[in-house]
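Visitor:
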Amino acid sequence: MRRLLVSFVLMAALLAPLPAFAGQPTVGIVTNFGPNLAAVCPMPEGIAVDPTGNLYASSFAFKPIANICVENRSGQIVDVIPVPAGTAGVASLLGELFEPSQGLFVVDFADGAPTNGRLLRINVKTHGVTVVATGFQAPNAIAQDRHRNLYVSDSFMGAIFKVAPDGSSNKIWIQDPRLMPQPGGSPPFGANGLAFDRNHGFLYVATTSDSKIYRIPVEKDSSAGPLQLSMSARTQPSIRLRDCPARSRFSRPMHS
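Now the structure itself:
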């Protein structure tokens, strides 16, 4: 009888709702926000939001034309922006960043061959596409500093490029073997997602093939400092999420 009572108490404790502690972050609920994009924007990769709440989803299409689907707050597709391929013959869109004063920036992986990758700026009203910079092999993500300079990760070159917003300057900001795809890693992508910290003192970069995140100090002259391991699958993180307010956890345009 006693054993049965203990079992009942343990089961009741396991099934009881967990208490809500003060200061505990609210957990969001995943919902089906909009329609299936497979027919119009297959393999959506990049995502950006404009000041009105419209959402832009870029298609990693590997087609002569890759679309960007525009969804409103209700999850309805209100526009489709066609992006023609460059010299590669196919367009494969990845990371996006919306800059209200300039438009939508998006990178084109193209066919993954050297120099075929592009950084594009799109006028979301006219659908005009401007090539801001070229010469990438596998451009992946975009971040922006306080001066509106754009930082583009290249997953195959193991590099991060620094590009002037008008494309007048495009140079490798940092290149390191640790940002290359690592042997045996899967998927075989090196430098991937980018984000500045709240003070723009560090640029963080994820390396997909070996499940690591590095940080790069931004020196006083805006050059890149030495690459530092921030966290990996085998180590404890060197930063705390609470140090980054919610509005600063994702890279977004900063105005001077």
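Each residue of the sequence shown is one higher than the one before, counting from 212 in our numbering.
Quick reminder that beta carbons are idealized off the backbone N, C-alpha and C, glycines included.
1) What is the DSSP secondary structure of arginine 329, counted as helix, strand or coil?
2) Within 10 Å of its beta-carbon, does arginine 357 have 16 or more other beta-carbons around it, so buried, or fewer, so exposed?
3) Pick helix, strand or coil for proline 295, following the three-state DSSP scheme.
4) So what does DSSP say about leucine 554, is it helix, strand or coil?
5) Relative to the alpha-carbon of leucine 248, which residue among Asp319, Val363, Ile288, Ile276 has its alpha-carbon at the smallest distance?
6) With H, G and I counted as helix, E and B as strand and the rest as coil, what does DSSP make of cysteine 280?
7) Can you tell me the Cα-Cα spacing of methionine 254 and proline 293, whole angstroms?
8) Helix, strand or coil: how does DSSP classify valine 301 here?
9) My output table needs one value for alanine 444: the three-state DSSP class, helix, strand or coil.
10) Identify, in the order they occur along the chain, each residue of the same chain with its Cβ nearer than 7 angstroms to the Cβ of alanine 256, setting aside the five sequence neighbours on each side.
11) I need the straight-line Cα distance from glycine 300 to proline 275, nearest angstrom please.
12) Spatial neighbours of proline 428 within its chain, please: CB distance less than 8 angstroms, with the 5 preceding and 5 following residues excluded, ordered by chain position.
13) For asparagine 381, write down the residues that DSSP places opposite it in a beta bridge.
14) For glycine 328, which of Ser397, Leu315, Thr298, Asn265 has the nearest alpha-carbon?
15) Among the candidates Ser441, Asn351, Ser364, Val260, whose CA atom is the shortest distance from the CA of leucine 315?
16) Cutting at 8 angstroms between CB atoms, please list the residues of its own chain near leucine 331, excluding the five before and the five after it.
17) Tell me which residue opens and which closes the beta strand (DSSP E) that alanine 344 is part of.
Guide: Taking the definition as stated:
1) Looking up residue 329 in the sequence shown gives position 118. Strand, per DSSP.
2) If you number the sequence shown from 1, residue 357 lands on position 146. It is exposed - the Cβ of arginine 357 has fewer than 16 other Cβ atoms within 10 Å.
3) Position 84 of the sequence shown, counted from the first residue, corresponds to residue 295. Reduced to three states, the DSSP call for proline 295 is strand.
4) Residue 554 lies beyond the range of the chain shown here (212 to 467); nothing can be said about it.
5) Position 37 of the sequence shown, counted from the first residue, corresponds to residue 248. Checking every option, the nearest Cα to that of leucine 248 belongs to Ile288.
6) Counting from 1 along the sequence shown, the entry for residue 280 is found at position 69. Looking at cysteine 280 - three-state DSSP - the assignment turns out to be strand.
7) Numbered from 1 along the sequence shown, position 43 holds the residue referred to as residue 254. Numbered from 1 along the sequence shown, position 82 holds the residue referred to as residue 293. Those two C-alpha atoms are separated by around 15 angstroms.
8) As a first step, residue 301 is located in the sequence shown; it is residue number 90 there, counting from the start. Coil, per DSSP.
9) For this step, residue 444 is matched to residue 233 along the sequence shown. Note: alanine 444 maps to coil in three-state DSSP.
10) Here the question's residue 256 lines up with position 45 in the sequence shown. Note on identity: in this sequence residue 256 is glutamate, with alanine being the wrong assignment. Contacts found: Ser269, Phe271, Leu304, Leu305.
11) On the sequence shown, residue 300 is found 89 positions in, with the first residue counted as 1. On the sequence shown, residue 275 is found 64 positions in, with the first residue counted as 1. About 6 angstroms.
12) As a first step, residue 428 must be located in the sequence shown, where it is residue number 217. Excluding positions up to five away in sequence, the list reads Gly412, Phe413, Ala435, Gly436, Pro437, Gln439.
13) The count along the sequence shown starts at 1 and reaches residue 381 at position 170. Per DSSP, Val374.
14) Here residue 328 is taken as the residue at index 117 of the sequence shown, counted from 1. Checked all of Ser397, Leu315, Thr298, Asn265; the closest Cα to glycine 328 is Thr298.
15) Taking the sequence shown and counting its residues from 1, the one referred to as residue 315 is at position 104. The option with the nearest alpha carbon to leucine 315 is Val260.
16) One-based indexing of the sequence shown puts residue 331 at position 120. Result list for leucine 331: Val294, Phe316, Val317, Val318, Asp319, Val340, Thr341, Val342, Val343, in chain order.
17) As a position in the sequence shown, residue 344 is number 133, starting the count at 1. First-last of the beta strand (DSSP E) with alanine 344: 340-347.
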